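Numbering (our numbering), first residue to last: 139 to 277.
Some notes on the structure that comes next.
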């Protein structure tokens with residue numbers, strides 16, 4: 139058993155209250171829009187994970203190192219600098235990102251400033267693909 143303490147833990151805090159506390163009105167509006175998109179595409183209700191991540195669904199992972207835990211199937215976090223989208227590295231992700239719009243990426247995150255900067259139709263296609271990929275990886 140790993141001694142690692144998970145930072146991303148599902149909480150019972152209000153997603154709506156968290157968003158309403160955001161100082162940026164545009165981020166509030168974009169967050170509520172993202173919730174509707176993610177609810178519809180994932181079939182899951184939003185839940186707070188840790189203090190600032192809004193996640194949909196859940197899966198259990200275990201690495202070869204023995205580290206294990208739970209995480210949302212898909213998630214986002216409205217941060218000050220950008221909205222962070224947590225999405226799996228599925229096979230066609232790089233190809234789809236070419237049509238995604240104005241964004242930056244890191245290992246498993248996509249960063250964008252405003253919802254209007256991205257192609258929402260591509261996002262809608264990416265969500266179920268990412269969820270299926272994770273469900274296949276972590277049965």
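Cβ atoms here follow ideal geometry from the backbone N, Cα and C, with glycine treated the same way.
Quantities reported herein were computed from a predicted structural model and do not represent experimental measurements.
Open item on the list: Quick check: residue 225 and residue 246, are their CB atoms within less than 8 Å of each other?
Closed with: The beta carbons of residue 225 and residue 246 sit closer together than 8 Å.
Task: Coil, strand or helix - residue 190 by DSSP - done: coil
TODO: Classify residue 270 as helix, strand or coil using the three-state DSSP reduction.
DONE: helix
- [ ] Please classify residue 275: is it buried, with 16 or more other beta-carbons within 10 angstroms of its beta-carbon, or exposed?
- [x] exposed
Task: Straight-line Cα distance separating residue 254 from residue 197 - done: Those two C-alpha atoms are separated by around 30 Å.
- [ ] With DSSP as the reference, label residue 155 as helix, strand or coil.
- [x] helix
Task: Residues bridged to residue 214 (per DSSP) - done: 192 and 223
Open item on the list: Just verifying my parser: in three-state terms, what is the DSSP assignment at residue 183?
Closed with: Of the three classes helix, strand and coil, the one that applies to residue 183 here is coil, per DSSP.
- [ ] Using a Cβ-Cβ cut-off of 8 Å, state whether residue 252 counts as contacting chain B.
- [x] Considering every chain present, this structure includes no chain B. It has just one protein chain.
TODO: Can you give me the start and stop residues for the alpha helix (DSSP H) that residue 229 sits inside?
DONE: For residue 229, there is no enclosing alpha helix (DSSP H), as DSSP marks it with neither H nor E.
- [ ] Below 6 Å CB to CB, which residues in the same chain sit around residue 161 once its five sequence neighbours on both sides are set aside?
- [x] Within the same chain, and ignoring the five residues on either side of residue 161 in sequence, no residue has its Cβ closer than 6 Å to its Cβ.
Open item on the list: Considering Cα atoms alone, identify which of 277, 271 and 265 is closest to residue 182.
Closed with: Residue 265 is the option with its Cα nearest to residue 182.
- [ ] Can you have a look at residue 213 and say buried or exposed, based on whether 16 or more other CB atoms are within 10 angstroms of its CB?
- [x] buried
- [ ] Give the range of the beta strand (DSSP E) segment to which residue 248 is assigned.
- [x] 247 to 250
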